[in-house]
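Note that the sequence shown ends on residue 1662 in this note's numbering; no numbers are left out.
Note that CB positions come from ideal geometry on N, CA and C, so glycine has one too.
Since we're looking at a predicted model, the values are computed, not measured.
A quick write-up on the structure given underneath.
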Amino acid sequence: MLKKYDFRPGIVREGTSYSEEGGFFNADKVRFRSGRPEKIGGWEKNTLNSFEGTCRSLHSYRDQGQTDYIGVGTHLKLYVKQGDNFNNITPIRKTSTNSITFAATNGSSTVVVTDSSHGAVTGDTVTFAQAVSLGGNITAAVLNQEYTIDKSLTANTYEITAKDTSGSTVTANSSDESGTGGSGVDVSGQINIELDTFVKGTGWGVDTWGASTWGSVSSLSANNQLRLWSQDNFGDDLITCVRGGGIFLWDESAGTSQRAVAFSDLAGASAPPVKALQIMVSDIDRHIICFGANPIGSTDIDPLFVRWSDQESSVDWTPTSTNTAGGTRLSSGSTIIGALRTRQEILIWTDNGLHSMQYSGAPFIFSFAEIMQGPSMISPNAAINADNKVFFMDRGSFYVYSGSVQTLPCAVQDYIFADINLGQSFKVFGLSNVDHNEIMWFYPSADSDELDRYVIFNYLENTWSIGTTDNDFVRTAWIEANSLDFPVAAGKTTNSNTNYLYNHEVGNDADGTAMTAFIETSDFDLEPDGEHFMFVSKIIPDLKFRGQTGTANTLNVSVKGVDFPLDTPTTLSTSAIDSTTQQAFIRARTRQAILRFESTGLGYGWRLGSFRLEMRQDGKK
């Protein structure tokens, strides 16, 4: 008996493997297109240059002179990428002039810096200038560099490790012990770093209601542990905001050697916000909008307060009868999670629901309406525009908004939310891969603090797929192609922990190395209702390869056997299928089967068709 198998498109894991008979149950690096599974596209480094810190924010734009820029916000620095270069535009928090001294100890590379009321934390970056030699190995060239603070000792002192201009450690000698670096040392300190991973504190108010003791002291703040930037361009300039912190503008005309500066330091600034949760430029009316900003007259964030500048202005934030600056407080919730610009409105998620913000003109400038209460967003970056809709991920479901909010049926919902680390939920981000009609969300599994899994939704075909971030597929931010040639993602290599930007949908490989991709069916009866054991003797493949041709293209097809639904599947046979294979002879005896299709080779992709199995009845058990 020769039997053809066509499996339903999409991964389905809401039931057991046997109950989902006729479909696919597991996959990695596989998408569905026109109902058929295929290996995803490859990726390669955008540039060989790396950057410091984990990036969780990317923004690309092209200026009026047709120069492409990418803003890169990490937990350590802020960059603007032009060409292949990552230019450090991290804002300066503090400068001190003629007030810095150094102290070194013979035989040690540790240098203690005295910097009165420095306000720095361990891991911050400082840059020294105008220092002279301490007298020995710690020369002026050694001191007058950028340093990472090893340890903040007191309010007035911190430690650095002496290095030469190549980065190699320098050890002080006895001649250095008497030197101080001179009387004219200057220092500039970049804004304080924040964490790469959320660290949960203890005490009242850092967890859910009633989770701690009334009045107990918090060891850490519940918010702003994880560094998240928001970015947008205001004309040719880049505006950006550290979630829960400062708001900055990088002046493109000043060049890539210039730092971003606080809005409050801009010439002519009138009562700009000094802190916010997120920043955005409205599309048509050209207002800069801050979500969760400090009201005028206060330096403290109101997490529900929305402020906007005068039209076409980055400096005028004081509402008057002659401008369009203003602000309002949302009516429900306790904090704004995030906002997303759509074609006709701005959507604002609080921890208690969804609001709409629309430009209405004078006298109120913007109108606000509560769309619904209940569903929110799992993170500030978990909503995506696609197909004239907005898709977003909450802490237990997926939703779609197209004038009203509807639950998005998800065939892998239980698989995702039964195994997710909600303690690191603010790392979750969504992306749109327009050319493939896909939305993806990266999320951390229960046993991981980093984004080690992803889920794909094809919104035209309503299919889902899943996968992991092996093959150096750890991604932390993503931007669509727009003015770029390819979608670009931020990620790190799993072995070196080095941070790069990657072009995606390029070739078939994982940055020059082989990509492992597989898809596996659910359990299926070889004979109706699985009454008899069947002996499988032949596989007749149907698939298409892309990329290199010939026998170098190989898809391994494994037949796994299951006698009863609760049995552990056993691999009974594996056949290497290439573009010349007409049939593969195997020997496999089982009641239910699972087919696994897997590639591990370099330089090719594949797409499955309909497979046929030749089998005969082989008795009962």
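Under the rule that 16 or more other beta-carbon atoms within 10 Å means buried, what is residue i, buried or exposed?
i: P1313; result: buried
i: D1273; result: buried
i: P1050; result: buried
i: D1351; result: buried
i: K1044; result: exposed
i: F1405; result: exposed
i: L1607; result: exposed
i: V1226; result: buried
i: T1631; result: buried
i: V1240; result: exposed
i: P1582; result: buried
i: F1470; result: buried
i: D1455; result: exposed
i: A1308; result: exposed
i: N1197; result: exposed
i: A1427; result: buried
i: E1293; result: buried
i: R1657; result: exposed
i: T1131; result: buried
i: Q1465; result: buried
i: D1476; result: exposed
If you draw a straight line from the alpha carbon of residue i to that of residue j, how long is it in whole angstroms?
i: M1433; j: Y1500; result: The residue you asked about is not Met; residue 1433 is Phe in the sequence shown. Approximately 13 Å between the Cα atoms of the pair.
i: F1652; j: Q1633; result: 16 Å
i: E1235; j: N1178; result: 33 Å
i: S1672; j: N1129; result: The first residue shown for the chain is 1042 and the last is 1662, placing residue 1672 beyond what the model contains.
i: S1362; j: G1402; result: 13 Å
i: T1146; j: V1453; result: 60 Å
i: V1603; j: M1042; result: 20 Å
i: L1463; j: S1372; result: 26 Å
i: T1504; j: R1072; result: 9 Å
i: T1611; j: G1056; result: 21 Å
i: T1621; j: T1641; result: 18 Å
i: G1076; j: S1438; result: 24 Å
i: T1212; j: G1222; result: 16 Å
i: V1347; j: A1161; result: 30 Å
i: S1354; j: F1289; result: 14 Å
i: T1609; j: E1491; result: 30 Å
i: N1264; j: L1318; result: Confidence is the limiting factor: at N1264 the pLDDT is only 42, short of 50, which leaves the residue's position unreliable and the question unanswerable from this model.
i: D1665; j: S1578; result: Outside the shown range of the chain, which is 1042 to 1662, sits residue 1665, and nothing can be said about it.
i: Y1541; j: T1088; result: 8 Å
i: D1659; j: S1614; result: 17 Å
i: E1639; j: G1588; result: 16 Å
i: A991; j: G1287; result: This structure leaves residue 991 out entirely; the chain is present only between 1042 and 1662.
i: V1173; j: V1228; result: 13 Å
i: I1461; j: N1538; result: 23 Å
What residues in its chain sit with their C-beta under 7 Å from that of residue i, if we drop five residues either side in the sequence?
i: R1637; result: F1559, E1561, S1599, K1601
i: G1083; result: V1547, G1548, N1549, D1550, A1551, M1556
i: G1374; result: L1345, T1391, D1392, N1393, G1394
i: F995; result: The requested residue 995 does not occur in the structure, where the chain is confined to residues 1042 to 1662.
i: D1435; result: P1416, S1417, M1418, I1419
i: E1218; result: A1145, T1146, N1147
i: S1305; result: P1313, V1315
Below 8 Å on the Cβ atoms is my contact criterion, and I expect residue i with residue j to pass it. Report the Cβ-Cβ distance as a whole number of Å.
i: I1497; j: S1506; result: 4 Å
i: D1564; j: T1534; result: Their Cβ separation, rounded to whole angstroms, is 37 Å, which puts D1564 and T1534 out of contact at 8 Å.
i: L1584; j: G1644; result: The pair is not a contact, with the Cβ atoms about 16 Å apart (cut-off 8 Å).
i: P1450; j: K1468; result: About 25 Å separates the two Cβ atoms, so there is no contact after all.
i: R1134; j: G1230; result: 5 Å
i: A1182; j: T1206; result: 6 Å
Kindly list the residues whose CB is nearer than 8 Å to the CB of residue i, restricted to its own chain and excluding five residues on each side of it in sequence; keep chain order.
i: V1446; result: L1395, I1412, M1413, P1416, Y1440
i: P1528; result: L1472, N1474, W1519, I1520, E1521, A1522, N1544, H1545, E1546
i: I1387; result: M1321, S1323, I1330, A1380, L1381, S1397, M1398, Q1399
i: D1493; result: P1485, S1486, T1509, T1510, V1515
i: T1359; result: S1311, A1312, I1337, A1366
i: I1378; result: W1390, T1391, D1392, S1417, M1418, S1420, P1421
With a threshold of 7 Å between beta carbons, is residue i in contact with chain E?
i: A1410; result: Given the protein chain composition of this structure (a single chain), no chain E is represented.
Under 6 Å from any heavy atom of the ligand ZN, does the C-beta of residue i make it?
i: Q1624; result: By its list of ligands, the structure shown contains no ligand whatsoever, and the ligand ZN lies outside what it can speak to.
I'd like the list of long-range same chain contacts for residue i, defined as Cβ closer than 6 Å, with 5 residues on each side in sequence excluded.
i: A1625; result: I1580, S1616
i: F1586; result: N1594, S1620, Y1645, W1647
i: Y1046; result: F1652
i: E1061; result: V1053, S1563
i: I1232; result: P1132, R1134
**Study point:** Stretch pair the region 1113-1124 + the region 1077-1095: three plus CB contacts closer than 8 Å
**Key:** In the pairwise beta carbon analysis, the region 1113-1124 is classified as touching the region 1077-1095: at least three pairs are separated by under 8 Å.
Practice item. Could you tell me whether the region 1104-1113 touches the region 1183-1202, where touching means 3 or more Cβ pairs closer than 8 Å? Key: Verdict: no, contact absent.
Review point. Any contact of the region 1154-1168 with the region 1177-1191, i.e. 3+ C-beta pairs under 8 Å?
Key: Cβ pair count under 8 Å is three or more, so yes.
Point to revise | Inter-stretch contact at 8 Å, needing at least 3 Cβ pairs: the region 1099-1108 / the region 1566-1577 | key: In short, these stretches do not touch, since the Cβ pair count stays below three.
Review point. For the region 1132-1144 against the region 1153-1163, are there 3 or more C-beta pairs whose distance is under 8 Å?
Key: Three or more pairs of CB atoms, one per stretch, sit closer than 8 Å, so the region 1132-1144 contacts the region 1153-1163.
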